[in-house]
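Structure record follows, encoded as structure tokens.
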Amino acid sequence: KYMEKYGLNLKHFDFIASNGCLYSVKSNNSAKHQLTNFLPRPLYFIQDSNQTLRIVEVDNHKDAPSVIAFRQDELSSMDKCVTRLGLNGNYTLLTTGEEFKVFRALIYDGLKNASMANFVGWNDSGDDGFFVWGNGVFSNKEWIKPNEFGIIEYDGEFYYIPSCSQANENNNDPIVQNMKMYEYVPDDTVNMYDFLSLVDDVFAENGLITVSFGIATIFRDIIFGSTSYFPLLFIFGPNMTGKTTLAKNAM
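First residue of the sequence shown? That's 79 in my numbering, and the numbers climb one at a time after it.
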């Protein structure tokens, strides 16, 4: 059942799944040795220039399954792997060093490749691309909502949106937190004209300049490519005059 559900050939690694755990069974020995108190479900291998992540779902059939984004070092060391598992729930390894290497090979064997899309804005993808928000992606006027692992499929390729992954629900990493600030929320009750009218009423010319700057930042690459520079915006004034509110509106 485990092989059918997750598409993994446990026999290739001399493993079996039983009672929600992994066991090692050598072909010449009928005795089984418990490796884990959970079943792993390898999901995605994600790599960019700054980091490598492996997304794995673990399920002990007692608690709700947990999704873990393992860093490279956390799967290179059994101690670090055990620590990371414990941080996400009542999961542990009961293996020797050699068995851990085989367990790691099982994880690696089941992963699908995905690319990182860890910044809000336009992301190139071959001849086309898409616009990333903190809670999904726009492509060709189509809204694409990632799955629970933060993955979208676009043009036959997988992309990882960190802010949308269950693995990052309690992640305080600045990249994840910043992405979550920029979510697309459909709202037909407020249009751009009404919004800009309110900004003009409250902040007058300063408000329109600030919002215009915010819109221009979306096309910074195009502007910089044409002019070789992009302006900086300075908002200054006495305390409690709305500087922070204005900046938030621009974002």
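Virtual Cβ for every residue (Gly too), placed ideally from N, Cα, C.
Alpha-carbon to alpha-carbon, residue j and residue i
i      : j      : result
Gly188 : Asn87  : 9 Å
Phe227 : Gly164 : 20 Å
Gln125 : Asp233 : 18 Å
Ile230 : Glu261 : 16 Å
Pro240 : Gly285 : 32 Å
Phe123 : Glu135 : 13 Å
Ile296 : Phe197 : 12 Å
Leu310 : Leu171 : 52 Å
Gln129 : Asn250 : 17 Å
Asn138 : Gly199 : 38 Å
Asn246 : Met194 : 14 Å
Thr322 : Phe181 : 51 Å
Arg298 : Gln150 : 34 Å
Asp272 : Asp278 : 10 Å
Residue i Cβ short of 7 Å to the ligand NAP heavy atom set
i      : result
Glu283 : In the structure on display, the ligand NAP does not appear, and there are no ligands present to speak of.
Residues that DSSP places opposite residue i in a beta bridge
i      : result
Cys99  : Ser96
Ser144 : Val136
Tyr122 : Ile133, Lys190
Arg149 : Leu131
Leu171 : Thr114
Sub-8 Å separation of residue i and residue j beta-carbons
i      : j      : result
Pro120 : Ile185 : yes
Pro264 : Cys242 : no
Ile301 : Phe312 : no
Leu131 : Leu117 : no
Glu235 : Ser203 : yes
Glu152 : Arg162 : yes
Alpha helix (DSSP H) segments (min. 4 residues) lying fully within the segment 189-262 | 252-258
Would you call the segment 110-117 and the segment 91-101 in contact, with 3 or more CB pairs under 8 Å?
-> yes
Does the segment 279-295 touch the segment 319-327, meaning 3 or more C-beta pairs lie closer than 8 Å?
-> yes
Does the count of Cβ pairs from the segment 164-181 and the segment 136-149 closer than 8 Å reach three?
-> yes
Contact the segment 211-218 vs the segment 249-260: 3+ CB pairs below 8 Å | yes
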